[in-house]
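Each remark here refers to the structure printed beneath this line.
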Amino acid sequence: MKKISLMLLYLFPFLSNGQAGDTLKTSVLEEVVITGQFEPQSAHKSVYQVKTIPLERLAARGAVRLQDVLNTELNIRFSQDLALGGSNLSMQGLAGQNVKVLIDGVPMIGRQGTSNEININQLNVNAIERVEIIEGPMSVVYGADALAGVINIITKKAVDGKFELQAKVHEETVGSEYGWNTGIHNESVGLGFSKSNWRTRADVSRNYFGGWQGSAAGRDKQWHPKTQYLASGLVGYNKNKSDVYYRADYLFEDIYNPGGFINGEALDQTYYTNRLMQQLQGAHTFSSRLNFNGVLSYTNYARETQTTTVNEATNQSRLALGPGLQDVTKFNGVTLRSTFQYKVNEKISLQPGIDVNYETGSGGRIKTGTQAVGDYAVFLSAEWKVTDWLQVRPGVRSVYNSVYLAPPVIPSVNTKIKLGERQDLRLSYGRGFRAPSLRELYFDFFDASHSIEGNPNLESELSHSINASFNWRLIEGDGFTYTSILGGFYNSVKNMIGYGQKPGNNLITTYLNIDRYQTKGFTWNNTLKGNVWELNAGYALTARFNQYSESYSDLEEFQWSPEITTAASYRIPRAGLKFSVYHKFTGVTPFFELVTVDGQPVARLAQTDSFHWADFTIQKDFGKSVSVTAGARNLFDINSINTTSVATGVHTSGGARPIGYGRSYFLNVSYSLTK
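Positions -13 to 661 (this note's numbering) are the ones given, in order, by the sequence shown.
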C-alpha cells in the first residue's frame, strides 16, 4: 500500500496530461470559508491556508466520531488514553493543548484527561455542516492555545423558508464483537424550520460503544464501554440588517471501567461527563462599510469519578472508600468576543476587537478547592490590498492575564502573493503566548493508572511560528481540475509545558517547563477532480526537537517522521452509487529517552513503529430521501504498535501504543426530508 501511495503521488503530474481533452462540462464551485475572515469569502482569496471538510465527506466516511474523519488527514495524529476513554490529537508536531477547537467560532471549555486538551469525540458529528482547519499560528485572532492551529466546527443551520427532517441509524462492529450490548449503536434525529424572520433547529443523538475485550481478561476490557447523549438547539431571528441567535449544546457521557475480581471483590470505576455550552451570537450591518459581530458564551463542565466495590458472590455494589475514588471536578468558562469590520476604502479594511475569557475550576482534585484565571485581550487586524497581486494582513494583540505577565504586544503578519492566474504564495509569521491552564497549574490526578500533580510554579509559553504555502491550480478546465499545494512550517516554543518526574519523588509525574521545543517540516498535497471522481495524495515530513541534544552533543537535534495519505472516490450518478477509499501511512517516529546504565543517565534512541490505516465505504442513494452507507474501517486490522529501543530491540517503558480495535464493519441508513 505504501508503494501504491507513492506511485499515485509521483504520477499526478503525468496523469493530468491525459485528461486535458475531457469534453464533459462541470462548473468549479468556489469554496466559501469563514474562520479567521473579516467576512465570508472564497478559500483561494483568503490570506490563510484553509482546509475544509464538507458535509459530503462526513457522510461518505460513515462517521460517528470526528476522529473517524480526521485520522487520515495530513499532519494530524491521534493517541488514545484507554484508562480514561479519551482521544488526543497533535498538529504540526505540537500537542492538542496548542490547538484551538471552536464551535461556530466559540472556544470549547473542558480540557480533560492527562493531555490538557479538548476531546473532539465528545461532539455530535451528525449536527456538523463542515469543518474548517487552519494550520499555523492564530494567536492574534483567537488567543492562547492557537499556536498549532484552529479547528472550527460549523454546525447545521435551518434552511431559509423550509422544513427539514434528518434521521440516521448506524450499526458497527467493534473488531469481531457485535451484539445488543457490544459493538457501536448510534441513533440521531435532526429537525430544522425557518419561516419569515425566524429559524430554529434541534439535534439529538445517542452513541453507544460496547467496549472491546482485546487482551484484557475476565470482566475487564481493553477499550472501556461508553455511552453518550448529545443534544443541541438553536433559535434565531434576523431582520433587515440584524441577525441574532441563541444556541445550546449538551453532552452527557458515561464511561464504565470494570475491574477484575480479587479475593471475591472487584473495583469498578465510572466516569461521568456533563457539559452545557450556551452561546448568544449577533451581527449587525451599519452600512456598506461598517458591520459588527459579537458572541457571549457560558459553559458548565463537570467530570465525576465514581468508584464502587462489587461483590462476586452477590453481585451487589457499594461506594468504595479511599483517596480520589469519589470526585467531582467542575470547570466553568465565560467568553465574550466582539469585532467591528470597517472598510476604509477598496484597498484597506480594519478589524478591531475584544476577547475576554474567564475560567474557574473547583473540586477535590483542584489545589485549595477553587481556582480561577482570566485572559483579557484587545486586538487589531488590517487587510491591505497593496496591489492586484499583493495582499497583507498585519495584526497585533495585547493581553492581560490575571496570573501571568504577557508580552506587551503579540504581533502577526499574513501575506498572500498572487504569482499568476493560478499560482498563490502565502507567507505568515505569528508570535504566541500561552499561560498555563487551570489543569496544568492546580489539578492533581491520582488513580490506578496515573499519578499526576499540577504545578503552580509553571512559566508561560512564548512562541514564534513561520508558515508558508504555495498553491498551484495547474488545471481548471471543463470537467477536470488539478491543484497542488506545497507547504512548510517552523515552530519554536520557549518554556514548552510537558511532563516530567517530580523533583524528590520519581513516582509522581508533574508538569514542567522545557527550556525550548521546536517542530518543523513540509507538506505536499495534490488533488485531482473530475465530474464523477476525485483523487487525493499527500506527503508530510515532520521533525521534532530532541531536547537531550542540548546535554549530549553527539545526538541529532531533530528526529524526522513521514506521513503519506491517499484517497479516492468514484460516483455512478445514474445508479446513485459512490465508492470511497481513504488511506494513511504513518511512518516510524523516532525519539530519545533517558535511561540509567551502570548508574549513569544515558540518552537512548527509541522509536514508535509505523502503521497503515485505511477505510472503504459504499454509498447508495434511494431517491432523494434515503441513503445507505456501508463500509469497513481499519482494513489493516491494527490494534496497537510497539515502542522499542533501536539499539536493543526491547520494548521501552512506553510499551505498546493503542491505535484501534481491529477491522470493523458498519452499516448506516439515513433519511432526509426537505419541504
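A virtual CB, placed ideally from N, CA and C, is assigned to each residue, including glycine.
Which of helix, strand or coil does DSSP assign to TYR538?
coil
Taking PHE238 as the reference, give the member of GLN357, ASN110, HIS171 and GLN337 with the closest Cα.
ASN110
Quick check on this structure: which residue in VAL574, THR572 and ARG557 has the alpha carbon closest to the alpha carbon of SER566?
ARG557
Where LEU(-5) and GLU59 are concerned, what is the direct C-alpha to C-alpha distance, given to the nearest angstrom?
Because the pLDDT at LEU(-5) is just 43, under 50, the model does not fix this residue reliably, and the value given afterwards should be weighed accordingly. Cα to Cα, LEU(-5) sits roughly 15 Å from GLU59.
To the nearest angstrom, how far is the alpha carbon of ASP8 from that of SER555?
Residue confidence for ASP8 is low, a pLDDT of 37 falling below 50, so the modelled location carries little weight; the figure read from the coordinates is stated next. Using only the alpha carbons, I get a separation of about 18 Å.
Can the beta-carbon of TRP198 be found less than 8 Å from the beta-carbon of GLU157?
no
Within the continuous beta strand (DSSP E) that includes ALA283, where are the two ends?
Inspection of the sequence shows that residue 283 is occupied by Ser rather than by Ala. Residues 276 to 297.
By DSSP, does ASP90 sit in helix, in strand, or in coil?
coil
By DSSP, does ASP54 sit in helix, in strand, or in coil?
helix
Using the rule of at least 16 other Cβ atoms within 10 Å of the residue's Cβ for burial, across every protein chain shown, is THR528 buried or exposed?
buried
What's the C-alpha gap between TRP458 and ILE120?
18 Å
Mind checking which residues open and close the alpha helix (DSSP H) that includes TYR128?
125 to 128
Please confirm whether LYS570 and THR551 have their CB atoms less than 8 Å apart.
yes
Among TYR390, GLN35 and ILE438, the one whose alpha carbon lies nearest that of ASN400:
GLN35
Just reading off the alpha helix (DSSP H) that GLU42 is part of, what are its end residues?
41 to 46
C-alpha distance - LEU411 paired with LEU75, whole-angstrom precision:
28 Å
Could you please give the first and the last residue of the uninterrupted beta strand (DSSP E) stretch that includes TYR525?
519 to 531
May I have the straight-line CA-CA distance separating HIS30 from GLY463, to the nearest angstrom?
17 Å
Rounded to whole angstroms, what is the Cα-Cα separation between ASP341 and ARG233?
19 Å
Inter-stretch contact (C-beta, 8 Å, three-pair minimum) for the stretch 470 to 481 and the stretch 498 to 508
yes
Given that a residue counts as buried once 16 or more other Cβ atoms are within 10 Å of its Cβ, and exposed if not, what is ILE104?
buried
Note down the Cα distance separating ASP54 from GLY319, rounded to an integer number of angstroms.
28 Å
When we look at the beta-carbon of GLU549 and count the other beta-carbons within 10 Å, is it buried (16 or more) or exposed?
buried
Start and end residues, beta strand (DSSP E) containing LEU237
228 to 243
Give the straight-line distance between the Cα atoms of SER611 and VAL175, rounded to the nearest whole angstrom.
14 Å
Out of PHE466, ASN301, SER125 and HIS450, which one is the CA nearest neighbour of ASP481?
Before going on, a small fix: residue 481 reads as Asn here, not Asp. Closest option to ASN481, Cα to Cα, is HIS450.
Going by Cα to Cα distance, which pick from LEU444, HIS436 and LEU366 is closest to VAL389?
LEU444
Three-state class that DSSP yields for PHE0 in the structure shown:
In this prediction, PHE0 scores a pLDDT of 37, lower than 50, which makes its location untrustworthy; the coordinate-derived value is nonetheless stated afterwards. Residue state, collapsed to three classes: helix.
Does DSSP put GLY635 in a helix, a strand or coil?
Confidence at GLY635 is low in this model, with a pLDDT of 49, below 50, so the placement of that residue should be treated as unreliable; the coordinate-derived value is given next. Reduced to three states, the DSSP call for GLY635 is coil.
With distances taken between CB atoms, is the gap from ILE624 to ALA642 smaller than 8 Å?
no
Locate the alpha helix (DSSP H) running through ARG412, then write down its first and last residues.
Premise fails: ARG412 lies in the beta strand (DSSP E), 409 to 420, not in any alpha helix (DSSP H).
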